[in-house]
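Visitor: Each residue of the sequence shown is one higher than the one before, counting from 1 in the UniProt record's numbering. Beta carbons: idealized from backbone N, C-alpha and C, even for Gly. Since this is a predicted model, take the numbers as computed values, not measurements. One structure coming up, written as structure tokens, with questions to follow.
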Amino acid sequence: MNSDSPLSNSAVPSLDQDTTKYTQELFSSCLEGLPTFEESRYNTSTSDDPAVKYIQPPNPGWKFGEKIESSDLGRKWMEGSKLEDDWEHFDADKEDNRKIYALMISGIQPRPIAFISSVSASGEENIAPFSFFQALSPSPPLIMISAMNAPRIKDTTTNIQATKEFTVNLISLPWIVQANAASIDAPAHVSEWEVAGLTKEPSTHVRAPRVKESAFSMECTFFDKYDIVHPDTGITASTITFGLIKCIHVRKNVLNARGVPDPAKLQTVSRMGDISYGLTTEAFRLPRPSWVADGEVIEKVLDKNRQLDLVGDNH
Ligand SMILES: Cc1cc2nc3c(=O)[nH]c(=O)nc-3n(C[C@H](O)[C@H](O)[C@H](O)COP(=O)(O)O)c2cc1C
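Now the structure itself:
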């Protein structure tokens, strides 16, 4: 491993360590030796370098039907997959569920993060991040978040069920530390808004405020919920909340010429596993294949490959 790689810094607490024991001060001391954050690179008002650099896709000369081994990168990638010994298998019925959880959150990544603002029946305002989050349907415009109910039912779940309203705010790089702080398991009398130092902006369709620091916020009403009941214990382990988008607020200075967010300007942060966050700094584009455009070529390639396979069978 490259010694400059953050992963080579064993001082940064890993998944095996209980990171809840790290005070802010102790965690800061773990960062020594890591390259510092290049703030100027992400400052869109001063930097000429785009925060997301567009590069060519890998294997740009790839043709339909060609195996992964057609590139060096692909050949090397497959080297770790040939022997039975190259694999570990985790039987979800036998494995400790903390291990399955750790595998899921570090394997299913990067995940988008919903920063949810909600209000309780008695009017207390709450914020928290959720990375079990996805866009589900454009019409009706639906999103979902999944909140675990152990060791406690999340205030977010209780609030949404009580008031049927919330806002989903996408987190951008400049306020990730504030958003992370809002995940604290603070006692009820402590406002996470204050702990995080974030700003409430009144919503237009729902009571829950949106987060002013967010460049992309969605006002949502409760659409439906699905309780995930554990098949063995009968316990409601998690609750999925489906939200119907009523209004989207986007900051004009993150839009591109087509009127949609430019990733280099929106600078959303993703969940990368355990306590890691990711920022997309390079991107490439690939066209969606279409049968109209490429079907004829594909038919020919597949025919040729089948003939080669037949020849191979005769030997
Ligand atoms: C980046 C990040 C993502 C998270 N994603 C989830 C999630 O998808 N589901 C969940 O139950 N908790 C998740 N959490 C933990 C909650 O944010 C945390 O339990 C929070 O205290 C819940 O707040 P609430 O009780 O005010 O709703 C996440 C925490 C962080 C830092």
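Along the chain, which unbroken stretches of the alpha helix (DSSP H) at least 4 residues long are found entirely within the region 219-305?
Guide: Listed in chain order, they are 263-266.
Visitor: Kindly indicate which three-state DSSP category Ile58 falls into: helix, strand or coil?
Guide: The question names Ile, but residue 58 in the sequence shown is Pro. Of the three classes helix, strand and coil, the one that applies to Pro58 here is coil, per DSSP.
Visitor: With a threshold of 7 Å (Cβ to nearest heavy atom), would Asn305 be considered close to ligand 1?
Guide: For ligand 1, not one heavy atom lies less than 7 Å from the Cβ of Asn305.
Visitor: Does Ala162 have its Cβ less than 8 Å from a Cβ in chain B?
Guide: The chain inventory of the structure shown lacks chain B, comprising one protein chain alone.
Visitor: Helix, strand or coil: how does DSSP classify Glu39 here?
Guide: Of the three classes helix, strand and coil, the one that applies to Glu39 here is helix, per DSSP.
Visitor: Which residues does DSSP pair with Met148 in a beta bridge?
Guide: Partner(s): Ser238.
Visitor: Please state the DSSP three-state secondary structure of Ile176.
Guide: It is helical.
Visitor: Going by beta carbon distance, what residues of the same chain come within less than 6 Å of Ile55, once the five residues before and after it are set aside?
Guide: Around Ile55: Glu282 and Phe284.
Visitor: I'd like to know if the region 216-234 and the region 157-175 are in contact, where contact means that at least 3 CB-CB pairs between them fall below 8 Å.
Guide: Counting Cβ pairs under 8 Å, three or more are found: they touch.
Visitor: So, with DSSP's three-state summary, where would you put Phe27?
Guide: Helix at Phe27.
Visitor: Spatial neighbours of Val229 within its chain, please: C-beta separation below 6 Å, excluding the five flanking residues on both sides.
Guide: Answer for Val229: Thr236, listed in chain order.
Visitor: Suppose only complete runs of 4+ residues qualify. What are the alpha helix (DSSP H) ranges in the region 169-214, listed by chain order?
Guide: The region 169-214 contains these whole alpha helix (DSSP H) runs: 176-181 and 192-196.
Visitor: Restricting to Cα atoms, I'd like to know which of Pro140, Phe90 and Gly243 is closest to Glu165.
Guide: Answer by Cα proximity: Gly243.
Visitor: Take the Cβ of Phe37 as the centre, count every other Cβ of all protein chains shown within 10 Å, and call the residue buried at 16 or more, exposed below.
Guide: Phe37 should be labelled exposed.
Visitor: Quick check on this structure: which residue in Asp86, Glu84 and Asn59 has the alpha carbon closest to the alpha carbon of Leu73?
Guide: Out of Asp86, Glu84 and Asn59, Asn59 has the C-alpha closest to the C-alpha of Leu73.
Visitor: Could you please give the first and the last residue of the uninterrupted beta strand (DSSP E) stretch that includes Gln134?
Guide: Here the beta strand (DSSP E) through Gln134 covers Phe133 to Pro138.
Visitor: Please return the same chain residues whose Cβ sits closer than 7 Å to the Cβ of Ser238, not counting the five positions on each side in sequence.
Guide: Taken in chain order, the residues that qualify are Ser146, Ala147, Met148, Asn149 and Ile228.
Visitor: Given this structure, state the Cα-to-Cα distance separating Ser183 from Ser29, to the nearest angstrom.
Guide: Looking at the two C-alpha atoms, the distance is approximately 21 Å.
Visitor: What is the C-beta distance between Glu125 and Trp193, in whole angstroms, given that I count them as a contact (C-beta under 8 Å)?
Guide: Rounded, the Cβ-Cβ distance is 6 Å, consistent with contact.
Visitor: By DSSP, does Glu69 sit in helix, in strand, or in coil?
Guide: Reduced to three states, the DSSP call for Glu69 is helix.
Visitor: Given that a residue counts as buried once 16 or more other Cβ atoms are within 10 Å of its Cβ, and exposed if not, what is Asp294?
Guide: Exposed is the call here.
Visitor: Within 10 angstroms of the Cβ of Lys99, are there 16 or more other Cβ atoms? Answer buried if so, exposed if not.
Guide: Exposed is the call here.
Visitor: Considering only residues of the same chain and omitting the five flanking positions on each side of Trp77, which have a CB-CB separation below 8 Å?
Guide: Closer than 8 Å at the Cβ level, and outside the excluded window around Trp77, lie Ile68.
Visitor: Where does Val52 sit, in a helix, a strand or coil, going by DSSP?
Guide: It is coil, neither helix nor strand.
Visitor: Over the uninterrupted alpha helix (DSSP H) stretch that includes Ile100, give me the two end residues.
Guide: Where Ile100 is concerned, the enclosing alpha helix (DSSP H) stretches over Asn97 to Gly107.
Visitor: So Glu219 packs on Thr204, CB below 8 Å; how close in whole Å?
Guide: Right, the Cβ-Cβ distance comes to about 7 Å (below 8 Å), so this counts as a contact.
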